[in-house]
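Residue numbers (this note's numbering): 13 to 83. All C-beta atoms, glycine included, are put in the ideal place defined by N, C-alpha and C. Just so it is clear, the structure is predicted and the values come from calculations on it, not from any experiment. Everything below concerns the one structure shown next.
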Amino acid sequence: MSKQEIIEQLKNIKEQYLNDSKGEIDAEVIIEALTDVIHDTEGNDGLDFTEVYDDEHYDSFENVDFTTLEV
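What follows is the structure, encoded as structure tokens:
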């Protein structure tokens, strides 16, 4: 995202806030819009995929004990 695109995005956020006659744009909406601009600038969507997986979660079918299963 170029410097000019960032400036245009920020101007758009400001303009929408100033033209909001119904009062629908509050601080939360502005923060969300600014966060979107930050993520677009950084080139990511803000998601963190550094999750640690539990190996036992992926046990094979043969290792599951079905003797206590109630039907």
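Distance between residue j and residue i (C-alpha atoms, nearest Å)
{"i": "residue 56", "j": "residue 25", "result": "20 angstroms"}
{"i": "residue 87", "j": "residue 27", "result": "Shown here, the chain extends from 13 to 83; a query on residue 87 therefore has no answer."}
{"i": "residue 15", "j": "residue 23", "result": "12 angstroms"}
{"i": "residue 83", "j": "residue 47", "result": "49 angstroms"}
{"i": "residue 17", "j": "residue 40", "result": "22 angstroms"}
Cβ pair residue i, residue j closer than 8 angstroms
{"i": "residue 19", "j": "residue 29", "result": "no"}
Other residues of its chain near residue i: CB distance less than 7 angstroms, five sequence neighbours each side excluded
{"i": "residue 52", "result": "13"}
Beta-carbon contacts of residue i that lie in its chain and below 6 angstroms, excluding the five residues immediately before and after
{"i": "residue 49", "result": "21"}
{"i": "residue 77", "result": "none"}
TODO: Inspect the CB distances between the stretch 46-56 and the stretch 26-36 and report whether three or more fall short of 8 angstroms.
DONE: no
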